[in-house]
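Everything in the sequence shown is counted per my numbering, starting at 78 for the first residue and increasing by one.
Notes to accompany the following structure.
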Amino acid sequence: MDGTTKTFLEDFARRTAGHAMADSMASVSLTLVAADQQDRTVGVLAVTAPGTVIERALDHGYSDVEALTLSVAIGKVHGLAVADEARGQGIASTLMKRAWQVYEQLDYFLLYGSFETERALGSLYTGCGYGVHAAGQGFLLDRIGLPFGVNAGPDQCVFTRWRPRR
Numbered sequence: 078m079d080g081t082t083k084t085f086l087e088d089f090a091r092r093t094a095g096h097a098m099a100d101s102m103a104s105v106s107l108t109l110v111a112a113d114q115q116d117r118t119v120g121v122l123a124v125t126a127p128g129t130v131i132e133r134a135l136d137h138g139y140s141d142v143e144a145l146t147l148s149v150a151i152g153k154v155h156g157l158a159v160a161d162e163a164r165g166q167g168i169a170s171t172l173m174k175r176a177w178q179v180y181e182q183l184d185y186f187l188l189y190g191s192f193e194t195e196r197a198l199g200s201l202y203t204g205c206g207y208g209v210h211a212a213g214q215g216f217l218l219d220r221i222g223l224p225f226g227v228n229a230g231p232d233q234c235v236f237t238r239w240r241p242r243r
C-alpha cells in the first residue's frame, strides 16, 4: 500500500476503534437496489465489512486498529435477492458487477460471499468474474498477509473476486 492509502486505513481504524462493531461497520456497508420501470424494488445486494475476518484477526493477536482496517480492504456479500417475477433478466449479475466496480474503485483487495450448494448459483458468480470454490472449501487470506482464511460449511460454496496484483 502506498502512504496515502495506508494513512487513510489507519485513520479510519482509529476513528472506529472503541465503537460498537455494528456502528463501525455501518460506515463501510453498501446496499444496491434495482428497481423496475414502475419504481418497484426487484433486486437488492448487501455488502458489509467482513465481521468473521475481523474477529479472526483479533483472535490471531492483531490490534483493534489492524483488525478494523480490514473493513476497508475486504467486503462480504451478505445478501443478494431478486424478485421471482424479475429473475432471468440479468439483475443479479448487474448488481454483482456493480458492487465489484464500487469496491475496485475504493481499492479493496477482495469481495467474497457464499451460497448454499443446493442453490446451484456457481455459473451466476463465475459469469460476473468471481471464482467459485468447491462445496465446503474455504480460501486463504495469505495473499494479503493474513495467516488464516475463510472457512465454508459442507453445504456452502464460497465465491471470491480479488483485485488484480499490481
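Note that beta-carbon positions come from the ideal geometry of N, C-alpha and C, so glycine has one too.
What you are looking at is a predicted structure, and each value in this text was computed from that prediction instead of being measured.
- Distance between Leu223 and Val121, taken at the CA atoms: about 31 Å.
- In this chain, Arg238 is not harboured by any alpha helix (DSSP H); it is covered by the beta strand (DSSP E) spanning Gln233 to Trp239.
- In this structure, Gln214 sits near Val235, with a CB-CB distance shorter than 8 Å.
- When Leu135, Ala163, Ala144 and Arg133 are compared, the shortest CA-CA separation from Gln115 is found for Ala163.
- Ala144 has its alpha-carbon roughly 6 Å from the corresponding atom of Leu135.
- The beta carbons of Asp141 and Glu193 sit no closer together than 8 Å.
- Under the three-state reduction of DSSP, Leu217 is assigned to strand.
- For Val121, the uninterrupted beta strand (DSSP E) run begins and ends at Thr118 to Thr125, by DSSP.
- Taken through DSSP and simplified to helix, strand or coil, Ala176 comes out as helix.
- Distance from the CA atom of Leu109 to the CA atom of Leu157, rounded to whole angstroms, is 9 Å.
- Sixteen is the threshold: since fewer than 16 other Cβ atoms of the shown chains lie within 10 Å of the Cβ of Leu217, the residue is exposed.
- The closest CA to that of Cys205, considering only Glu181, Ala229, Ala176 and Ser170, is found on Ser170.
- Around the beta carbon of Gly152, a 10 Å sphere encloses 16 or more other beta carbons of the protein chains shown; the residue is thus reported as buried.
- In terms of Cβ geometry, Ser148 and Ile131 form a close pair [threshold 8 Å].
- Measuring C-alpha to C-alpha distances from Pro241 to each of Leu188, Ser200 and Arg196 identifies Leu188 as the nearest.
- In the structure shown, Val130 adopts helical secondary structure according to DSSP, grouped into three states.
- Going by DSSP, Ser148 is part of no alpha helix (DSSP H) at all; its letter is neither H nor E.
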